[in-house]
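S.K.: Starting off with a structure, shown below.
2 protein chains.
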Amino acid sequence: MAIDHLDGRIIVLLAEEPRVGVLEMSRRLGVARGTVQARLDRLRSNGVIRGFGPQVDPAALGYPVTAFATLQIRQGQGADVRAHLATVPEVLELLTTTGNGDMLCRLVARSNADLQRVIDRVVGFDGIVRASTTIVMETPVPLRVIPLVEQAAREGR
Amino acid sequence: MAIDHLDGRIIVLLAEEPRVGVLEMSRRLGVARGTVQARLDRLRSNGVIRGFGPQVDPAALGYPVTAFATLQIRQGQGADVRAHLATVPEVLELLTTTGNGDMLCRLVARSNADLQRVIDRVVGFDGIVRASTTIVMETPVPLRVIPLVEQAAREGR
DNA sequence: GAATCCGCTGGGCATTCTGTTCAGCGGTAC
DNA sequence: GTACCGCTGAACAGAATGCCCAGCGGATTC
Numbered sequence: 001m002a003i004d005h006l007d008g009r010i011i012v013l014l015a016e017e018p019r020v021g022v023l024e025m026s027r028r029l030g031v032a033r034g035t036v037q038a039r040l041d042r043l044r045s046n047g048v049i050r051g052f053g054p055q056v057d058p059a060a061l062g063y064p065v066t067a068f069a070t071l072q073i074r075q076g077q078g079a080d081v082r083a084h085l086a087t088v089p090e091v092l093e094l095l096t097t098t099g100n101g102d103m104l105c106r107l108v109a110r111s112n113a114d115l116q117r118v119i120d121r122v123v124g125f126d127g128i129v130r131a132s133t134t135i136v137m138e139t140p141v142p143l144r145v146i147p148l149v150e151q152a153a154r155e156g157r
Numbered sequence: 001m002a003i004d005h006l007d008g009r010i011i012v013l014l015a016e017e018p019r020v021g022v023l024e025m026s027r028r029l030g031v032a033r034g035t036v037q038a039r040l041d042r043l044r045s046n047g048v049i050r051g052f053g054p055q056v057d058p059a060a061l062g063y064p065v066t067a068f069a070t071l072q073i074r075q076g077q078g079a080d081v082r083a084h085l086a087t088v089p090e091v092l093e094l095l096t097t098t099g100n101g102d103m104l105c106r107l108v109a110r111s112n113a114d115l116q117r118v119i120d121r122v123v124g125f126d127g128i129v130r131a132s133t134t135i136v137m138e139t140p141v142p143l144r145v146i147p148l149v150e151q152a153a154r155e156g157r
């Protein structure tokens, strides 16, 4: 679970050029192929690397608007609300947060107008008491993990 | 940019089993290898598929605590704050939102205690007027895109 | 209607990588 | 000292990749 320096380099290299194979990595990192392979296997079974799924850009799919909705849930309705939101494709993520019965919900929509439709669909459910929405304008720091990996690798020294 | 049904199946298949190669995909989808290859190239240059980077789990790296910080920025300090936050590894994402000078910041930490340190580092900066933090407890819906892809593929019919 | 463009097919080619196994070796723990 | 563990370097067959090509059907354009 503690990340090694070599582990870190592997992850970073993989993040920069996902196309490189194990052989090429071993060449660049100056270690044997088997080593890289073993490290990768370990990282995957550790759960550090969850997978290599394609990173899809909602904007390119026609959903350029992102928003966050803070939901207040009626006591005991949590499970129902979750099940409901899970069925809405525009709900990209759902988190429960501190505060009694609060959830944070990441949404996308085709346009600001379309966002209204999405919100209606999300909020139009019994268990939800109140909802407030915030629209995302810019993304100065897009979702990233590399700096964290590098720090972990440094400390894991 | 409009997503085809076949495009959708390719993305879904890729998400479920990232290991499958182009050849295997063509077999499962019942189309020629060249077709899959062409589609993939198009999806990548379209920007629909950004890449295939490793999906790293911060929790497995030793950062099991996730939080969101809402920051209120002093007029005209936006750029400085962004630059500052970009240097903090624990800042996984930074978004500017509606509301004057507001930002939303996704954080991780090694523990609840460690979160204090991270927040101090984030907030300890001139341009930030006020900050409120929310800790994430559960993740009923982890970041996902597949349902959206499927919907887009259906509509793009 | 005829010509043109475009995407998919199915095949072939040389090159390259993968998965797997092996023996050897150095460092560390007991 | 001995056993354990991780890395090395090498080997092998099998498989996938990148690339190219001719043919074909459908849709578009003139």
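Residue numbers (the UniProt record's numbering), protein chains in the order written: chain A, 1 to 157; chain B, 1 to 157. For glycine and all other residues, C-beta sits at the position ideal for the given N, C-alpha and C.
With a threshold of 16 other CB atoms inside 10 Å of the CB of G137 of chain A, please say whether the residue is buried or exposed.
M.R.: Within the first sequence, residue 137 of chain A is the residue found at index 137, counting from 1. The identity of residue 137 of chain A in the sequence shown is Met, whereas the question assumes Gly. The residue in question, M137 of chain A, is exposed, as its Cβ has fewer than 16 Cβ neighbours within 10 Å.
S.K.: According to DSSP, is D7 of chain A part of a helix, a strand, or is it coil?
M.R.: Looking up residue 7 of chain A in the first sequence gives position 7. It is helical.
S.K.: R102 of chain B lies in the alpha helix (DSSP H); which residues open and close that run?
M.R.: Mapped onto the second sequence, residue 102 of chain B falls at position 102. Reading off the sequence shown, one finds Asp at residue 102 of chain B, where the question assumed Arg. Note, D102 of chain B: premise wrong, no alpha helix (DSSP H); beta strand (DSSP E) at 102 to 109.
S.K.: I'd like to know whether the C-beta of Q151 of chain B is nearer than 8 Å to at least one C-beta of chain A.
M.R.: Here residue 151 of chain B refers to the residue found at position 151 of the second sequence. Yes - at least one Cβ of chain A is within 8 Å of the one on Q151 of chain B.
S.K.: With 16 other CB atoms within 10 Å as the buried threshold, where does P54 of chain B fall?
M.R.: In the second sequence, residue 54 of chain B corresponds to position 54, counting from 1. When all chains shown are included, P54 of chain B counts as buried.
S.K.: Please list the partners that E90 of chain A has in chain B, where partner means a Cβ-to-Cβ separation under 9 Å.
M.R.: Residue mapping note: residue 90 of chain A aligns to position 90 of the first sequence, counting from 1. Near E90 of chain A (Cβ distances below 9 Å), the residues of chain B are P147, L148, Q151.
S.K.: Taking Cβ-Cβ distances below 7 Å as the criterion, which residues of the UniProt domain "HTH asnC-type" (3 to 64) of chain B are in contact with chain A?
M.R.: Within the UniProt domain "HTH asnC-type" (3 to 64) of chain B, the residues whose Cβ lies closer than 7 Å to some Cβ of chain A are I3, I11, L14, A15, P18, N46, G47, V48, I49, R50, G51, F52, G53, P54, Q55, V56, D57, P58, A60, L61, G62, Y63, listed in chain order.
S.K.: Going by CA-CA distance only, name the one from B:F125, B:D114, B:E150, B:R110 that's closest to G62 of chain B.
M.R.: On the second sequence, residue 62 of chain B is found 62 positions in, with the first residue counted as 1. It is B:R110 whose Cα lies nearest to the Cα of G62 of chain B.
S.K.: I'd like to know if the region 24 to 32 of chain B and the region 39 to 54 of chain A are in contact, where contact means that at least 3 CB-CB pairs between them fall below 8 Å.
M.R.: No: the two stretches stay apart, fewer than three of their Cβ pairs being nearer than 8 Å.
S.K.: Starting from R50 of chain A and walking both ways along the beta strand (DSSP E), at which residues does that stretch end?
M.R.: One-based indexing of the first sequence puts residue 50 of chain A at position 50. Its beta strand (DSSP E) spans residues 49 to 51.
S.K.: State the start and end residues of the unbroken alpha helix (DSSP H) segment that holds L115 of chain B.
M.R.: Against the second sequence, residue 115 of chain B aligns to sequence position 115. Where L115 of chain B is concerned, the enclosing alpha helix (DSSP H) stretches over 112 to 123.
S.K.: Can you tell me where the beta strand (DSSP E) holding A67 of chain A begins and where it ends?
M.R.: On the first sequence, residue 67 of chain A is found 67 positions in, with the first residue counted as 1. Looking at the DSSP string, the run of the beta strand (DSSP E) that includes A67 of chain A is 65 to 73.
S.K.: Taking only beta carbons into account, state which residues of the region 133 to 146 of chain B come closer than 8 Å to chain A, listed in chain order.
M.R.: Listed by position, the residues of the region 133 to 146 of chain B near chain A (Cβ gap below 8 Å) are T134, I135, V136, M137, E138, T139, P140, V141, P142, L143, R144, V145.
S.K.: Does E16 of chain A come out as helix, strand or coil in the three-state DSSP assignment?
M.R.: Translated into positions along the first sequence, residue 16 of chain A becomes position 16. Here E16 of chain A sits in helix by DSSP.
S.K.: When the Cα atoms are used, what is the spatial distance from A131 of chain B to D114 of chain B?
M.R.: Start at 1 with the first residue of the second sequence, and residue 131 of chain B comes out as number 131. Start at 1 with the first residue of the second sequence, and residue 114 of chain B comes out as number 114. Each residue's Cα considered, the two are about 17 Å apart.
S.K.: Using the beta-carbon count (16 or more within 10 Å), is G124 of chain A buried or exposed?
M.R.: As a first step, residue 124 of chain A must be located in the first sequence, where it is residue number 124. It counts as exposed.
S.K.: Using the Cα positions of L104 of chain A and V81 of chain A, report the straight-line distance between them to the nearest angstrom.
M.R.: Taking the first sequence and counting its residues from 1, the one referred to as residue 104 of chain A is at position 104. Taking the first sequence and counting its residues from 1, the one referred to as residue 81 of chain A is at position 81. Those two C-alpha atoms are separated by around 12 Å.
S.K.: Give the range of the alpha helix (DSSP H) segment to which T87 of chain B is assigned.
M.R.: Sequence index remark: in the second sequence, residue 87 of chain B carries index 87 (1-based). That residue, T87 of chain B, is in no alpha helix (DSSP H); it is neither H nor E in DSSP.
S.K.: Using a Cβ cut-off of 8 Å (strictly closer), state whether F68 of chain B contacts chain A.
M.R.: Numbered from its first residue, the second sequence carries residue 68 of chain B at position 68. Output row for F68 of chain B: interface = yes.
S.K.: Would you be able to state if there are at least three C-beta pairs under 8 Å between the region 9 to 29 of chain A and the region 65 to 82 of chain B?
M.R.: At 8 Å Cβ cutoff, the stretches do not touch.
S.K.: Can you check DSSP and say which residues form a bridge with T97 of chain A?
M.R.: To locate residue 97 of chain A, count along the first sequence from 1; it is residue 97. Looking at the DSSP assignment, T97 of chain A forms a beta bridge with A:D102, B:V136.
S.K.: Could you check what DSSP says for R144 of chain A in three-state terms: helix, strand or coil?
M.R.: In the first sequence, counting from the first residue as 1, residue 144 of chain A sits at position 144. Looking at R144 of chain A - three-state DSSP - the assignment turns out to be coil, as it is neither helix nor strand.
S.K.: To the nearest angstrom, report how far apart T134 of chain B and L107 of chain A are at their CA atoms.
M.R.: By one-based count along the second sequence, residue 134 of chain B stands at place 134. By one-based count along the first sequence, residue 107 of chain A stands at place 107. Each residue's Cα considered, the two are about 18 Å apart.
S.K.: Going along the chain, which residues of its own chain have a beta-carbon closer than 8 Å to the beta-carbon of R121 of chain B, five neighbours each way excluded?
M.R.: Here residue 121 of chain B refers to the residue found at position 121 when the second sequence is read from its first residue. Excluding positions up to five away in sequence, the list reads V88, E90.
S.K.: With distance defined between alpha-carbon atoms, name the residue in B:T139, B:L94, B:D41 nearest to G64 of chain B.
M.R.: To locate residue 64 of chain B, count along the second sequence from 1; it is residue 64. According to the sequence provided, residue 64 of chain B is Pro. The question's Gly does not apply to it. Of the candidates B:T139, B:L94, B:D41, the one whose C-alpha sits nearest the C-alpha of P64 of chain B is B:T139.
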